[in-house]
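Under the numbering used here, the residue at position 61 of the sequence shown is numbered 254, and the numbers go up by one with no gaps. Glycine is no exception: its CB is placed at the ideal position from the N, C-alpha and C atoms. Being a predicted model, the structure only gives us computed values, none of them experimental.
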Amino acid sequence: MSIGELRAALDGVTGLAVEARGHAQVAAERIAEAARILGELAERSGTDLPAEHLAEAGEEVETVMAALHEASELVSGLGARL
Numbered sequence: 194m195s196i197g198e199l200r201a202a203l204d205g206v207t208g209l210a211v212e213a214r215g216h217a218q219v220a221a222e223r224i225a226e227a228a229r230i231l232g233e234l235a236e237r238s239g240t241d242l243p244a245e246h247l248a249e250a251g252e253e254v255e256t257v258m259a260a261l262h263e264a265s266e267l268v269s270g271l272g273a274r275l
């Protein structure tokens with residue numbers, strides 16, 4: 194594998210990590226919306242709905258987004274140093 198091919202592969206990995214982060218962002222937004230709706234339903238119905246599970250899922254998605262950002266930065270930096 195040549196340096197050019199390696200750079201191209203690293204660029205591809207960076208692009209996929211950025212794309213995955215975008216998908217995770219959409220997931221975070223949808224989880225937040227679901228939590229909001231569930232909270233409203235819980236208030237109206239007076240029942241105890243498991244909104245805390247959505248909060249935990251949101252936190253996990255945020256962790257994944259941070260890891261994807263870091264990964265894309267590291268891979269991009271590696272490609273730049275080649």
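Going by DSSP, methionine 258 is part of the alpha helix (DSSP H) stretching over 244-274.
When DSSP states are grouped into helix, strand and coil, serine 238 belongs to the helix group. Alanine 213 sits away from glycine 251, with the two beta carbons spaced by 9 Å or more. Beta-carbon to beta-carbon, arginine 200 and leucine 275 are separated by about 6 Å, close enough to satisfy the 8 Å threshold.
The criterion of a C-beta distance shorter than 9 Å is satisfied by proline 243 and leucine 231. Check the Cα spacing between alanine 217 and each of Arg237, His246, His262: the tightest is with His262. Burial state of alanine 210 is buried, judged by a 10 Å Cβ sphere holding 16 or more other Cβ atoms.
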